[in-house]
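Q: In UniProt numbering, the protein residues as written are 1 to 103. Sharing a structure below in structure tokens format, with a few things to ask.
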């Protein structure tokens with residue numbers, strides 16, 4: 001499930017981000033990207049499971065965001081997912097807000 005907050009500037013994902021849920025979330029995320037300006041903060045702290053389909057959807061959404069002159073920034077990234085992003089170097093594609101603030 002995706003909750004839109006701040007008129008296209010922030011979204012909160014809740015529950016699962018997997019093969020069963022990505023289609024609906026993708027549409028909502030694309031709508032949020034079309035609505036706002038600047039970075040889109042994607043809150044992940046309430047996500048229980050992120051699988052390869054969820055990761056792929058986030059990477060594809062980031063590519064769409066960049067083409068639209070925006071970018072996705074992750075917030076509240078679960079530790080397991082953050083480790084996966086670092087191990088695959090996708091943290092360069094999907095930056096975490098804390099890493100950006102530390103830089």
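All C-beta atoms, glycine included, are put in the ideal place defined by N, C-alpha and C. All values derive from a computational prediction rather than experimental measurement.
Specify the secondary structure class of residue 43 as computed by DSSP and reduced to three states.
A: strand
Q: Residue 13 and residue 47: beta carbons closer than 7 Å?
A: In contact: residue 13 and residue 47 (Cβ atoms closer than 7 Å).
Q: If residue 32 and residue 40 are in contact, beta carbons under 8 Å, what's the gap, nearest whole angstrom?
A: 6 Å
Q: Please classify residue 13: does DSSP put it in a helix, a strand, or coil?
A: strand
Q: Could you please give the first and the last residue of the uninterrupted beta strand (DSSP E) stretch that includes residue 67?
A: For residue 67, no beta strand (DSSP E) encloses it; the enclosing alpha helix (DSSP H) starts and ends at 52-67.
Q: Among the candidates 9, 34, 61, 94, whose CA atom is the shortest distance from the CA of residue 81?
A: 94
Q: When you compare each of 98, 18, 87 to residue 77 by their alpha carbons, which one comes out closest?
A: The residue with the shortest Cα to Cα distance from residue 77 is 98.
Q: With distances taken from CA atoms, which of 15, 22, 9 is nearest residue 55?
A: 22
Q: Roughly how many whole angstroms lie between the Cα atoms of residue 26 and residue 57?
A: Answer to the nearest angstrom: the Cα atoms are 7 Å apart.
Q: With a threshold of 16 other CB atoms inside 10 Å of the CB of residue 63, please say whether the residue is buried or exposed.
A: exposed
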